[in-house]
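Only one structure is covered here, and it is reproduced in the block below.
Numbering (UniProt numbering), first residue to last: 1 to 131.
In structure tokens form, the structure reads like this:
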């Protein structure tokens, strides 16, 4: 049997592409493991398996609050999220490190990391959690 160099190269390139693609995180559904109401951060368990192992728990995912007012008028109200253990949520991953930008000023990241689970933000609770 003859070795096909083009086929071997194609397999190698596909393996590299799969590895790179697997390291880019954009968003995923997750289950809340714990929620720290004072820090407004949660630990979440991703619910999509992308490898042979269980996905690692993402610690310290930030959460979004809301500032709303009725379209018909009135004063605005601030709402802070309440997460319960086992709530199903959707998590978005920032393009780069967000820590320094959380001051409200334009800031350069301390690291070059991109699409990293350390920059996770919970954007909402999935409706199936409302029982």
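Beta carbons are placed, not taken as given, at the ideal position from N, Cα and C, and that holds for glycine.
Reduced DSSP secondary structure (H/G/I, E/B, other) of residue i
i	result
residue 128	helix
residue 10	helix
residue 120	strand
Residue nearest to residue i in terms of C-alpha spacing, selected from the options
i	options	result
residue 77	12, 110, 102 and 66	66
residue 83	54, 62 and 55	62
residue 40	9, 79, 116 and 55	79
residue 119	91, 5, 126 and 9	91
Span of the beta strand (DSSP E), counted from its first residue to its last, around residue i
i	result
residue 93	88-93
residue 67	66-70
residue 41	41-46
residue 36	27-36
residue 75	73-79
Bridge partners - residue i, DSSP secondary structure assignment
i	result
residue 96	114
Backbone CA spacing between residue i and residue j [nearest angstrom]
i	j	result
residue 34	residue 59	9 Å
residue 126	residue 64	14 Å
residue 87	residue 12	40 Å
residue 14	residue 75	56 Å
residue 102	residue 52	35 Å
residue 5	residue 122	46 Å
residue 57	residue 93	14 Å
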